[in-house]
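Here's the structure we're looking at; comments come further down.
Protein chains in written order, with my numbering: chain A, 2 to 113; chain B, 12 to 126.
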């Protein structure tokens with residue numbers, strides 16, 4: 002069966018450091034992968050999309066890598082700030098390109 | 012920036028009652044979705060809707076659930092006879108295209124509490 006695995010344990014890092022979150026998947030052949038941010042009691046907010054032919058994508062302090070051989074994406078936040086504290090979700094699309102499935106998310110806590 | 016709006020923000024209902032959750036997607040979007048999130052669990056796909064019909068649905072989306080786009084702007088999720096286990100946050104989302112360069116835009120959800 003298809004699986005999207007994220008470390009569901011919280012990640013605590015010191016302000017200013019780089020946070021690295023991992024998304025692994027099985028039984029998908031995704032054309033692209035998305036990352037979202039979710040704050041408590043709110044809907045997910047889109048951050049970045051990376052295509053299968055892209056190794057890396059950047060947006061301001063965010064960087065995403067995508068390795069289709071390892072079936073893994075890494076999400077980096079550089080110079081992390083307390084405002085970056087949230088749950089980060091990895092998402093893949095399957096089937097008729099309309100069903101977007103989310104991982105459980107990794108909760109990031111940036112400590113001042 | 013346009014956004015997806017959902018009403019009500021919180022709905023309390025008794026077991027066995029019908030509920031309708033309402034969403035106004037972004038106006039030029041073509042694909043519409045409902046997701047739910049039980050407290051502490053993942054955001055789960057329920058159903059996608061395109062061209063006035065369901066395009067995909069999950070195992071969760073059984074005969075108790077239905078969706079409708081009654082007037083070209085609203086998108087509703089109806090649960091006919093609610094169960095305790097339907098208690099969750101329900102998120103509506105929309106996107107402009109079916110794939111590629113087309114992220115989902117979510118509303119802030121309706122918290123459904125079934126007592």
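The C-beta atom is built at its ideal place from N, Cα and C for all residues, glycine as well.
Requested in this report: Can you grab the Cα-Cα spacing for the pair residue 74 of chain B / residue 95 of chain B, in whole Å?
Outcome: Per the coordinates, the alpha-carbon of residue 74 of chain B lies some 16 Å from the alpha-carbon of residue 95 of chain B.
Query raised in the report: Given a limit of 8 Å on CB to CB distance, which residues of the region 63-81 of chain A reach chain B?
Result: For the region 63-81 of chain A, the beta-carbon criterion of a distance under 8 Å to any beta-carbon of chain B is satisfied by none of its residues.
Query raised in the report: Do residue 37 of chain A and residue 90 of chain A have their C-beta atoms within less than 8 Å of each other?
Result: yes
**Report entry** Contacts that residue 100 of chain A makes with chain B (C-beta to C-beta distance below 7 Å)
**Finding:** 56, 59, 67
Report task. Quick one: grab the DSSP three-state call for residue 84 of chain A. Result -> helix
Query raised in the report: Is the region 63-74 of chain A close to the region 46-53 of chain A, with three or more CB pairs under 8 Å?
Result: At 8 Å Cβ cutoff, the stretches touch.
Query raised in the report: Would DSSP call residue 16 of chain A helix, strand or coil?
Result: It is coil, neither helix nor strand.
Requested in this report: Look at the Cβ atom of residue 122 of chain B, then the Cβ atom of residue 59 of chain B, and state whether they are nearer than 8 Å.
Outcome: no
Query raised in the report: Nearest chain A C-beta to residue 102 of chain B closer than 8 Å, yes or no?
Result: yes
Query raised in the report: If residue 44 of chain A sits next to residue 102 of chain B, beta carbons under 8 Å apart, how far is it from one beta carbon to the other, in whole angstroms?
Result: The beta carbons of residue 44 of chain A and residue 102 of chain B sit about 5 Å from each other, so the pair counts as a contact at 8 Å.
Report task. For my contact list, residue 78 of chain A and residue 7 of chain A are in at a C-beta cut-off of 8 Å; report their separation, rounded to the angstrom. Result -> At roughly 15 Å, the Cβ-Cβ gap does not stay under 8 Å, so residue 78 of chain A and residue 7 of chain A are not in contact.
Requested in this report: Return yes when the Cβ of residue 3 of chain A is within less than 8 Å of the Cβ of residue 25 of chain A, no when it is not.
Outcome: The Cβ-Cβ distance between residue 25 of chain A and residue 3 of chain A does not fall below 8 Å.
Report task. Would you mind working out which of B:90, B:107, B:105, B:82 sits nearest residue 99 of chain B, comparing C-alpha positions? Result -> B:90
Query - Assumed close pair residue 87 of chain B, residue 32 of chain B - CB separation to whole angstroms, cut-off 8 Å - result: Taking C-beta atoms under 8 Å as the contact rule, residue 87 of chain B and residue 32 of chain B qualify, at a distance of about 7 Å.
Requested in this report: Flag this pair as yes or no: are the beta carbons of residue 101 of chain A and residue 56 of chain B separated by less than 8 Å?
Outcome: yes
Query raised in the report: Should residue 27 of chain B be flagged as near chain A, meaning a C-beta pair shorter than 8 Å?
Result: no
Query raised in the report: According to DSSP, what are the bridge partners of residue 1 of chain A?
Result: In this structure chain A extends from 2 to 113, so residue 1 of chain A is not present and cannot be described.
Query raised in the report: What is the rounded straight-line gap between the Cα of residue 115 of chain B and the Cα of residue 25 of chain B?
Result: 31 Å
Query raised in the report: Which residues in chain B sit within 9 Å of residue 35 of chain A, going by Cβ to Cβ distance?
Result: Within 9 Å Cβ-Cβ: 114, 115.
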